[in-house]
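In what follows, a structure is listed as structure tokens, so that the remarks can point back to it.
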Amino acid sequence: MTELERIAKLEKKLKVRKRKALAKEYEKLGRKFYKKTGAKNITTAENMLDHTPVFEKRETASPTLTTEQFQQLQNIANAMTYNGNFWKIEDLKDVSQWLSQFQTENEQS
140 MTELERIAKL EKKLKVRKRK ALAKEYEKLG RKFYKKTGAK NITTAENMLD
190 HTPVFEKRET ASPTLTTEQF QQLQNIANAM TYNGNFWKIE DLKDVSQWLS
240 QFQTENEQS
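244 is the number that our numbering gives to position 105 of the sequence shown; each next residue is one higher, with no gaps.
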């Protein structure tokens with residue numbers, strides 16, 4: 140048996156071990172899920188997964204901010220000052236203009 144054949148055989152064994160270890164971890168995760176949620180059967184657990192916002196599919200979830208939008212939002216927040224009663228925004232016109240991009244119907248009059 141050549142060295143390459145031995146390596147291929149070892150890689151196959153390693154894949155099998157990895158698959159078994161992963162299955163074991165999924166079993167542990169499943170048991171932990173059942174304990175945390177208190178689900179009594181598979182139907183209840185599936186309903187919990189389907190109706191919990193954390194587990195929503197990406198298509199139905201609300202869109203996330205781009206890096207640029209997040210940076211702009213951080214800049215707005217950093218420019219705010221607190222006077223003890225409320226937060227003050229110096230450039231309210233710019234902030235409202237920036238927020239308008241998130242309107243359901245983004246039309247500028």
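All C-beta atoms in this analysis are idealised placements derived from N, C-alpha and C, irrespective of residue type, glycine included.
CA-CA distance, ALA178 and ASP189?
-> Counted from its first residue, the sequence shown places residue 178 at position 39. Counted from its first residue, the sequence shown places residue 189 at position 50. Their Cα atoms are separated by approximately 13 angstroms.
Can you name the start and end residues of the alpha helix (DSSP H) that SER235 belongs to?
-> To locate residue 235, count along the sequence shown from 1; it is residue 96. 231 to 238 is the span of the alpha helix (DSSP H), which, as asked, contains SER235.
Alpha carbon to alpha carbon, what distance is there between GLN211 and LYS227?
-> The sequence position of residue 227 within the sequence shown is 88, counting from 1. The sequence position of residue 211 within the sequence shown is 72, counting from 1. Each residue's Cα considered, the two are about 17 angstroms apart.
By Cβ distance below 7 angstroms, which residues in the same chain neighbour MET187 in space, the five residues on each side in sequence not counted?
-> Taking the first residue of the sequence shown as 1, we reach residue 187 at position 48. The residues are THR176 and ALA178.
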